[in-house]
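In our numbering, the protein residues as written are 263 to 380.
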């Protein structure tokens with residue numbers, strides 16, 4: 263599996279508007295850790311219900327500023343277009359799966375709201 267790269271802010275917004283959670287990996291052109299993280303992300307994506315995309319912080323400085331990216335790799339998990347989790351640095355595939363499962367789980371308040379709507 264190859265992780266698609268986001269080319270513009272408009273594409274970023276379209277990806278976030280899609281169904282399901284989205285994990286964005288903010289990378290940089292000289293980021294060695296980003297290269298080592300890529301197989302971990304691919305392994306996690308194969309076992310977690312999440313879409314993963316890559317955004318180069320140097321090529322998309324407005325996005326990097328908007329999400330206060332200070333170092334790479336920075337991972338931000340989005341659900342419903344909102345950031346629900348953030349992780350900086352290297353993680354194993356198992357750590358990423360646990361993090362995505364925890365951060366991507368609906369909140370108790372959202373679950374209660376859904377139950378009231380029925």
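Where is the CB? At the ideal position from N, CA and C, for every residue including glycine. Keep in mind the model is a prediction, meaning the values are calculated, not measured.
One alpha carbon belongs to residue 363, the other to residue 329, and they sit about 22 Å apart. In the DSSP assignment, residue 303 falls outside any beta strand (DSSP E) and lies within the alpha helix (DSSP H) extending over 294–309. 289 is the residue among 289, 360, 345 whose C-alpha sits nearest the C-alpha of residue 269.
A straight line joining the alpha-carbon of residue 365 with that of residue 278 spans about 16 Å. As the crow flies, the alpha-carbon of residue 344 is around 24 Å from that of residue 305. Secondary structure of residue 277 (DSSP, three-state): helix.
In the three-state reduction of the DSSP assignment, residue 358 falls in the helix class, which pools H, G and I. In the three-state DSSP reduction, residue 320 falls in the coil class, being neither helix nor strand. Collapsing the DSSP output to three states places residue 332 in coil.
For the pair residue 357 and residue 332, the Cα-to-Cα distance works out to about 22 Å. For the options 302, 300, 325, the alpha carbon positioned closest to that of residue 271 is the one of 325. The residue among 293, 360, 323 with its C-alpha nearest the C-alpha of residue 339 is 360.
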